[in-house]
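Everything on this sheet refers to the single structure shown next.
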Amino acid sequence: MDEARQIVNSIQSGKIEPVYFLMGEEPYYIDKIADFIADNVLQEEEKGFNQIVMYGRDTSIDEIASNAKRYPMMAERQVIIVKEAQDLSRTIEQLTAYAENPQPTTTLVMCYKYKKIDKRKKLYKAVAKTGVIFESKRLYENQVAQWIQTTLKTRNYSISPKGAQMLVEFLGNDLGKIENELQKLQLIVPEGTQITPELIEENIGISKDFNNFELRKAVGMKDTLKAHRIINYFAQNPKDNPLVVTISLLFSYFSQLLQYHGLSDKSKGNVARQLKINPYFVSDYTTGARNYPMKKVSGVISLLHEADVKSKGVGSVNVSQGDLLKELLVKIMH
1 MDEARQIVNS IQSGKIEPVY FLMGEEPYYI DKIADFIADN VLQEEEKGFN
51 QIVMYGRDTS IDEIASNAKR YPMMAERQVI IVKEAQDLSR TIEQLTAYAE
101 NPQPTTTLVM CYKYKKIDKR KKLYKAVAKT GVIFESKRLY ENQVAQWIQT
151 TLKTRNYSIS PKGAQMLVEF LGNDLGKIEN ELQKLQLIVP EGTQITPELI
201 EENIGISKDF NNFELRKAVG MKDTLKAHRI INYFAQNPKD NPLVVTISLL
251 FSYFSQLLQY HGLSDKSKGN VARQLKINPY FVSDYTTGAR NYPMKKVSGV
301 ISLLHEADVK SKGVGSVNVS QGDLLKELLV KIMH
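For the sequence shown, position 103 (counting from the first letter as 1) is numbered 103 according to full-length UniProt numbering, and the numbering increases by one without interruption.
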């Protein structure tokens, strides 16, 4: 995220603010910025007396402000990092008095995950004036594959489009989980390597042949045999392949097919832009649109709604998820 990079670059250049309020739904960047501050603002020998980590559940606003007002010992500044600061959400506005007049020799970092403070209230305005407010937003799933590619590129790796899509479909948009799996791969394969579906299967355990990406492709091609092989595998491994995820991804695919049918310009570049997909996958939608006319796509979307309700136990008592998926597939590909 560009804003996170700007904060890091600013600190590297020596411009260190007295307050950093890091908030939002995506904890990955909050942790990254806080870790960077913890590692880089003070010299190693200064940290013993001048770097404090506090936790929201174990402290109070008064205690945080009291620590922040102290002067550093044998150093130019002190760093106070408050992790899980969202546990102080009921009293967080009490930090306003300190934020309005922060100690210039203290760097206070508030890690306020999964929530954000009200922009209309005094605390937000005070921090915005005297320090930095950073909102870490969740990436949409159609943005995560690009994030994976960009992240690996900065580390001198690359990844195939299918490989990136496999990670997204298996791990969703949880950047922390994805980062953990990428780090595992980086320990195993040398720099300069392209991360392939085969490497992902061998080292992460995501099947390159039996996954939602391959199911979606088989359904789009009306490859009945392949689709049934995949759902039989899903039925045997339900914990790794929950029905709700499969229905969600199929719903996304057919919704995009509906959008594809409505495009007057079906050139590869325009389709990729409008559907927000990698150009590599445009052919999957071209094939799908040939096999599923607009009226059929609308019908499939209704079937997926119906299956979603059944998967939650409404109107389908004692029916396995595998049987529900098989029934759904027959109706879609009929």
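All residues carry an ideal CB built from backbone N, CA and C; glycine is no exception.
What you are looking at is a predicted structure, and each value in this text was computed from that prediction instead of being measured.
Is PHE36 helix, strand or coil when you go by DSSP? helix
Range of the contiguous alpha helix (DSSP H) that encloses LYS177: 175-188
If you reduce the DSSP assignment to three classes, tell me which class SER158 lands in. strand
At which residues does the beta strand (DSSP E) containing GLY56 begin and terminate? Note, GLY56: premise wrong, no beta strand (DSSP E); not H, not E.
Taking DSSP as the reference, what is the three-state secondary structure of VAL19? strand
I'd like to know whether the C-beta atoms of LEU329 and ALA227 end up nearer to each other than 8 Å. yes
Would DSSP call THR246 helix, strand or coil? helix
For GLY24, does the three-state DSSP call read helix, strand or coil? strand
Apply the 10 Å Cβ neighbour rule to GLN51 and answer buried if 16 or more other Cβ atoms are within range, or exposed otherwise. buried
Please tell me whether THR105 and GLN78 are closer than 8 Å, where the distance is taken between their beta carbons. yes
I'd like to check one pair, GLU135 with LYS121: are the Cβ atoms closer than 8 Å? no
Are three or more beta carbon pairs between the segment 240-252 and the segment 199-217 nearer than 8 Å? yes
Tell me the rounded alpha-carbon separation between MET110 and LYS296. 51 Å
Can you list, in chain order, the residues of its chain whose CB lies under 7 Å from that of MET73, leaving out five sequence neighbours each side? PHE49 and ASN50
Label MET294 either buried or exposed according to how many other C-beta atoms from any shown protein chain fall within 10 Å of its C-beta, with 16 as the threshold for buried. exposed
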